[in-house]
Amino acid sequence: LPENIKRMLEKMETFETSNDNQFKVGVIEAKYNPAEIGELNMQGAADGAVNEVKGMQGVTNFVYSEDSYSVRNLPGFIQRGTYTQNGYHIAFINIGIVKDLNYWQVMVLSRRDDKVAEQAAERIIQSIQINYPS
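Using this note's numbering, the letters of the sequence shown correspond one by one to residues 88 to 221.
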């Protein structure tokens with residue numbers, strides 16, 4: 088991460104499955120440093136997530152939709168979309184949740200024509216749990 092981003096973060100944990108072209112899951116949990124950032128901007132987080140995918144090498148035909156979403160009454164967004172990368176047709180679902188200075192993200196990528204992967208992605212999204220004090 089660039090130094091300016093590192094300063095903004097108090098802590099960050101990431102998990103990512105192996106990078107294959109069939110199915111991939113990525114999870115980020117971040118807590119931002121109150122001395123560096125006053126509040127998190129939900130739309131900024133959503134735009135950043137989309138731009139991250141759009142900016143990957145070889146991505147073309149990028150199309151997505153975005154809606155409000157929540158987990159345990161914590162506010163967030165859901166993005167669903169498709170793109171082509173190096174000849175592969177990819178579908179993605181991305182969830183971002185923002186509360187105070189905390190940010191959680193779960194992204195699932197799969198082949199666009201793989202119905203089993205699509206069902207697995209939906210099950211992963213439906214099973215998201217966030218342990219945050221009420």
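Beta carbons: idealized from backbone N, C-alpha and C, even for Gly.
Report the three-state DSSP secondary structure of residue i (helix, strand or coil).
i	result
D200	coil
Q213	helix
R167	strand
G183	strand
D154	strand
N222	The shown model of the chain, from 88 to 221, leaves out residue 222, and the question about it has no answer.
Is the Cβ-Cβ distance between residue i and residue j less than 8 angstroms?
i	j	result
I226	T101	Outside the shown range of the chain, which is 88 to 221, sits residue 226, and nothing can be said about it.
N120	E90	no
V137	Q109	no
L127	Y219	no
G135	F149	no
M95	E123	yes
Hey, residue i and residue j are a contact pair by Cβ (cut 8 angstroms); roughly how many whole angstroms apart?
i	j	result
E153	A133	6 angstroms
Residue i: which of the options sits nearest, CA to CA?
i	options	result
V195	I215, G113 and I92	G113
M129	I184, I92 and V193	I184
G174	E139, G145 and I182	G145
K111	Q216, I215, I217 and I211	I211
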